[in-house]
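Per UniProt numbering, the very first residue in the sequence shown carries number 1; after that it's consecutive.
Glycine residues also receive a C-beta, built at the ideal position from the N, C-alpha and C atoms.
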Amino acid sequence: MADNQNLLAGQRRALILEEVRRRGGIRVSELTRMLQVSDMTVRRDLDVLARQGTLEKVHGGAVPVDQARTHEPGFEAKSELELTAKSDIARAAAALVVPGTAVALAGGTTTFAVAQQLVDIPDLTVVTNSVRVADVFHAARRPAEGRGAESGAATVVLTGGVRTPSETLVGPVADAAISSLHFDVLFLGTHGISVEAGCSTPNLAEAETNRHFIRSARRVVVVADHTKWGTTGLSSFASLDEVDTLVMDAGLAAADREEIAEQFAELIIAGPDTGGNGG
């Protein structure tokens with residue numbers, strides 16, 4: 001889409017800021033349609049406004065500064081972001097899973113993508129606090145017409161709890177269920193990840209539930225697309241040294257790869273033309 005030359009950059013950014021404040025947040029895709037400019041132009045404008053401190057970028061859009069760390073997009077909104085990256089990450093993450101093991105999947109759209117890659121691995125026991133992840137395995141277990149359920153289908157345990165905007169169950173009920181179990185590998189998504197804050201989320205209850213997951217897991221794998229690096233949510237739930245493996249996509253800048261590789265025992269860059277794994 002060609003950029004609209006009728007608006008000067010300053011006028012365009014003023015309109016963006018007005019919409020963010022009026023609506024409490026807006027997505028990049030909405031701004032491209034509203035302003036009739038390219039995705040790249042909108043992202044440049046958001047970068048400028050973020051540097052000025054007038055708004056804060058979140059995944060796929062922007063929110064007012066005072067809402068950024070507590071803003072939690074819904075599952076549907078997040079599921080449309082970084083689709084290729086999530087698919088690449090999911091395939092690389094699934095390759096870490098051995099048949100017959102106990103796997104935990106926390107909530108999020110990236111772990112949802114991982115679940116879709118795990119359905120063909122036989123004899124898994126899957127524990128999740130994600131309604132969407134449980135649905136993936138439930139759909140895979142449905143008997144084909146004229147046949148019974150296939151052997152080797154995963155046994156799925158869905159924790160109880162209070163549902164968040166991201167379709168995740170959190171709170172004391174979820175925490176108690178998770179604390180009584182033990183997992184060979186845990187896959188965790190994250191709202192943001194940084195050297196200073198570690199892994200973080202806007203939801204306080206979700207942060208606590210994630211801590212219980214981590215304590216119950218023998219191996220912790222964080223799955224996060226490249227846009228999560230450098231982002232910080234309200235509550236940290238894991239320091240970087242609590243993460244055994246980080247799986248990110250090839251969109252990660254070379255300089256960031258070097259910085260991240262220094263922080264983790266294992267960094268897996270998923271996708272084409274990555275030059276392999278680091279860490």
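Output needed for residue i: all residues of its chain with C-beta closer than 7 Å, excluding positions within five of it in sequence on either side, in chain order.
i	result
Thr227	His59 and Glu82
Leu17	Leu49, Thr54 and Leu55
Ser235	Ser200, Thr201, Leu204 and Ala207
Gly152	Pro122 and Asp123
Arg13	Asp45, Val48 and Leu49
Arg43	Val28
Ala174	Asn129, Thr159, Gly160, Gly161 and Thr209
Sorted by chain position, which residues of the same chain lie with C-beta nearer than 6 Å to residue i's C-beta, five sequence neighbours on each side aside?
i	result
Ala90	Ala113, Val114 and Gln117
Val131	Glu167
Ile26	Glu19, Val20 and Gly61
Ala154	Leu124, Val126 and Phe137
residue 280	Nothing about residue 280 can be read from this structure; the chain reaches only from 1 to 279.
His182	Ser216
Gly171	Gly161, Val162 and Ala205
Which whole-angstrom value describes the C-beta separation of residue i and residue j, a residue pair presumed to lie in contact below a C-beta threshold of 8 Å?
i	j	result
Ala224	Thr190	5 Å
Leu35	Leu49	The pair is not a contact, with the Cβ atoms about 13 Å apart (cut-off 8 Å).
Gly271	Asp88	4 Å
Thr110	Leu124	No, Thr110 and Leu124 are not in contact; Cβ-Cβ is about 18 Å, not under 8 Å.
Val156	Phe137	5 Å
Gly192	Ser239	About 14 Å separates the two Cβ atoms, so there is no contact after all.
Ile268	Arg257	Actually they are not in contact, since the Cβ atoms of Ile268 and Arg257 sit about 11 Å apart, beyond 8 Å.
Val63	Gly24	7 Å
Leu186	Val220	5 Å
Leu85	Gly251	Here the sequence assigns Ala to residue 85, which means Leu is not the residue at that position. Correct: roughly 6 Å between the Cβ atoms.
Leu188	Ala265	Rounded, the Cβ-Cβ distance is 15 Å, inconsistent with contact.
Give the DSSP-derived three-state secondary structure of residue i in the structure shown.
i	result
Arg132	helix
Ile26	strand
Asp249	strand
Leu8	coil
Val42	helix
Arg257	helix
Leu188	strand
Gly217	Residue 217 is actually Ala in this sequence, not Gly. Strand.
Val63	strand
Leu169	strand
Val114	helix
Val119	coil
Thr125	strand
Val222	strand
Val162	strand
Glu262	coil
Determine the extent of the alpha helix (DSSP H) in which residue i is found, giving its start and end residues.
i	result
Lys57	From DSSP, Lys57 is part of no alpha helix (DSSP H) but of the beta strand (DSSP E) over Glu56 to Val58.
Leu158	Note, Leu158: premise wrong, no alpha helix (DSSP H); beta strand (DSSP E) at Thr155 to Leu158.
residue 324	What is shown of the chain runs 1 to 279, which leaves residue 324 out entirely.
Ala90	Leu83 to Ala94
Thr227	Note, Thr227: premise wrong, no alpha helix (DSSP H); not H, not E.
Spatial neighbours of residue i within its chain, please: CB distance less than 8 Å, with the 5 preceding and 5 following residues excluded, ordered by chain position.
i	result
Ile178	Ala104, Val127, Asn129, Thr159, Thr209, His212, Phe213 and Ser216
Asp47	Lys57
Glu262	none
Glu259	Val195
Following the continuous beta strand (DSSP E) through residue i, name the residue where it begins and the one where it ends.
i	result
Ser235	Ser235 to Ala238
Ile193	Gly192 to Ser194
Leu267	Glu266 to Ala270
Ala104	Ala102 to Leu105
Self-check item: Segment contact flag, the segment 86-106 with the segment 232-247, C-beta cutoff 8 Å, min 3 pairs
Solution: yes
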